[in-house]
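Going down the list, the protein sequences come from chains V and C. Residue numbers for the first sequence follow the numbering used here, so the first one is 15 and each next one is one higher. Residue numbers for the second sequence follow the numbering used here, so the first one is 19 and each next one is one higher. Positions of the beta carbon are idealized from the N, C-alpha and C atoms, including for glycine. What follows is one structure encoded as structure tokens, with my remarks underneath.
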Amino acid sequence: SRVLVIQNEHIRARFNPDTGLLMEIENLDENLLLPVRQAFYWYNASMGNNLSSQASGAYIFRPERQEPLLVSHWAKTHLVKTDLVQEVHQNFSAWCSQVVRLYPGQRYLELEWTVGPIPTGDSWGKEIISRFDTTLETDGLFYTDSNGREILERRRDYRPTWKLNQTEPVAGNYYPVNSRIYITDGKTQLTVLTDRSQGGSSLGDGSIELMVHRRLLVDDARGVGEPLLEEGSGLWVRGRHLVLLDKARTAASGHRLQAEKEVLAPQVVLARGGGVPYCLK
Amino acid sequence: SGDSAPLKEAMAVLQHHDAVSGTSRQHVANDYARQLAESWGPCEVLLSNALAQLSGSKKDFVFCHKLNISVCPLTQNAEKFQVTIYNPLGRKVDWMVRLPVSEHVYLVKDPNGTVVPSDVVTVPSSDSQDLLFSASVPALGFSIYSVTRVPGQSPQAYDRHPRSQKPW
């Protein structure tokens, strides 16, 4: 079949044959199947407008419009399959690519994203997100962690401790994600583990987004006195999102153990072969 | 002798919210990076001494900081090398090791000298090669795997040709 598929004993991921985008994740152990469309988008960073002079900057995230723009509707894909790895290489644009990967025995889908240098030739600052859209009916709720320990329930356009008058429909719903963000309909849970702190949210039911990179052209007048604009051609950033699909009842044991392995990942030290015997004396 | 104090000092300085969240001018951010990079050195000496003492063998240990972009001159050029994997978790882990190599076939042996399955895959976007093998590392411990290049053989390319989607 033309559908691109990678799988191991636990997970199967399918990609749309026309666009090359991820379109479905299956947990083979739990017999769970969830349509998941993942793509990269960018918010046009505000430089101040008639509503407010506040620009997006090092301290402030403020997009010009609520709707982000797609980096690309489709990706050029390259399939690699060996006994020890199955991966789909997706190329969205000259400055945005991703490898979706499965190793044997792995109970999560690894998305290694590479973003940058962010082009600013159009004189627009850009804030790049990776967004997962699913059919989960999440009723405005999503969950983010606090330093990898406590999980906090978040409700769109709402604060538990005061009556919120939401003036920033996007930024006002962004929260810090130190290690994970997840959504659930009570039965099925989709969790995304991060390898560093990022901003994240769920701006629509069934949707999760995480900000992976930013490059801005004006200062936000909060004290830095300089736009968040890397020198020269700009930086490119590489990171990983680990996506887990589980039953809501058992999801915590999966993401908690995996997040520990992520934060305390093994370290590699290399040496030429050989070496001389060494003892303290 | 090694020293972890400079890295502790750098990490202490980088508790400032500017270092944590990037709310500083570029030259300050560059200086944070400089402090970290300068303090890695003495810490790597400390780690090398500890590994020599714990493994009973003194080696020129090498730390490759760019493994995430498949750059490591030692593994890309050496005909044989050793890979020490340290596991900071309080439980045993199985972990896929991925190292940049040259286009050859490699033999990987575990700490008992048993050959373990390995693959060399071509990284499509850069045409470099990565060596993969699964390592088992004890809780709060380390395992040493040895890698040897098999002369005269080149890996089977499993890659299929790039599939170009119908352009929108």
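Can you give the beta carbon distance from residue i to residue j, rounded, assuming they're within the 8 Å contact cut?
| i | j | result |
| --- | --- | --- |
| Leu-230 (chain V) | Gly-139 (chain V) | 4 Å |
| Ser-193 (chain V) | Val-277 (chain V) | 7 Å |
| Ile-74 (chain V) | Asp-234 (chain V) | 4 Å |
| Tyr-172 (chain V) | Tyr-196 (chain V) | That pair is no contact at about 18 Å. |
| Val-94 (chain V) | Pro-142 (chain C) | 7 Å |
| Ile-165 (chain V) | Pro-82 (chain V) | Actually they are not in contact, since the Cβ atoms of Ile-165 (chain V) and Pro-82 (chain V) sit about 26 Å apart, beyond 8 Å. |
If you draw a straight line from the alpha carbon of residue i to that of residue j, how long is it in whole angstroms?
| i | j | result |
| --- | --- | --- |
| Arg-115 (chain V) | Ile-25 (chain V) | 11 Å |
| Pro-131 (chain V) | Leu-249 (chain V) | 5 Å |
| Leu-85 (chain C) | Pro-91 (chain C) | 10 Å |
| Tyr-292 (chain V) | Leu-65 (chain C) | 15 Å |
| Pro-133 (chain V) | Val-138 (chain C) | 34 Å |
| Ala-153 (chain C) | Asp-112 (chain C) | 6 Å |
| Thr-102 (chain C) | Pro-280 (chain V) | 10 Å |
| Gln-33 (chain C) | Leu-54 (chain C) | 12 Å |
| Leu-204 (chain V) | Ser-57 (chain C) | 39 Å |
| Ala-185 (chain V) | Cys-61 (chain C) | 40 Å |
| Val-85 (chain V) | Arg-145 (chain V) | 11 Å |
| Thr-49 (chain C) | Pro-77 (chain V) | Thr is not the amino acid found at residue 49 (chain C); the sequence shown has Asp there. Approximately 29 Å, taken between the alpha carbons. |
| Asn-30 (chain V) | Gly-287 (chain V) | 46 Å |
Compare the beta carbon distance of residue i and residue j with 8 Å and say whether it is the shorter of the two.
| i | j | result |
| --- | --- | --- |
| His-255 (chain V) | Trp-127 (chain V) | yes |
| Gly-220 (chain V) | Asp-147 (chain V) | yes |
| Trp-109 (chain V) | Gly-34 (chain V) | no |
| Gln-100 (chain V) | Gln-52 (chain V) | no |
| Lys-275 (chain V) | Leu-107 (chain C) | yes |
| Ser-60 (chain V) | Ala-72 (chain V) | no |
| Val-165 (chain C) | Phe-99 (chain C) | yes |
| Ala-70 (chain C) | Lys-77 (chain C) | yes |
| Asn-187 (chain V) | Leu-217 (chain V) | yes |
| Val-206 (chain V) | Val-257 (chain V) | yes |
| Gly-214 (chain V) | Val-191 (chain V) | yes |
| Ala-47 (chain C) | Gly-40 (chain C) | yes |
| Leu-46 (chain V) | Thr-202 (chain V) | yes |
Spatial neighbours of residue i within its chain, please: C-beta separation below 6 Å, excluding the five flanking residues on both sides.
| i | result |
| --- | --- |
| Pro-187 (chain C) | There is simply no residue 187 (chain C) to check, as chain C begins at 19 and stops at 186 in what is shown. |
| Arg-121 (chain V) | His-24 |
Could you pull out every residue in the same chain whose Cβ sits closer than 7 Å to the Cβ of residue i, ignoring the five residues on either side in sequence?
| i | result |
| --- | --- |
| Ser-136 (chain C) | Tyr-124, Val-126, Leu-149, Leu-150 and Phe-151 |
| Glu-44 (chain V) | Asp-260 and Lys-261 |
| His-92 (chain V) | His-103 |
| Gly-239 (chain V) | Asp-233 |
Mind checking residue i: buried by the 16 CB within 10 Å criterion, or exposed?
| i | result |
| --- | --- |
| Ser-66 (chain V) | exposed |
| Ser-182 (chain C) | Below a pLDDT of 50, predicted positions are generally treated as unreliable, and Ser-182 (chain C), at 46, falls in that range; no measurement from the model is reported. |
| Lys-26 (chain C) | exposed |
| Ala-27 (chain V) | buried |
| Arg-16 (chain V) | exposed |
| Trp-186 (chain C) | Only weak support exists for where Trp-186 (chain C) lies, its pLDDT of 32 falling under 50; the value from the coordinates is given anyway. Under this definition Trp-186 (chain C) is an exposed residue. |
Can you list, in chain order, the residues of its chain whose CB lies under 8 Å from that of residue i, leaving out five sequence neighbours each side?
| i | result |
| --- | --- |
| Val-89 (chain C) | Cys-82 and Pro-118 |
| Glu-151 (chain V) | Asp-199, Asp-219 and Gly-220 |
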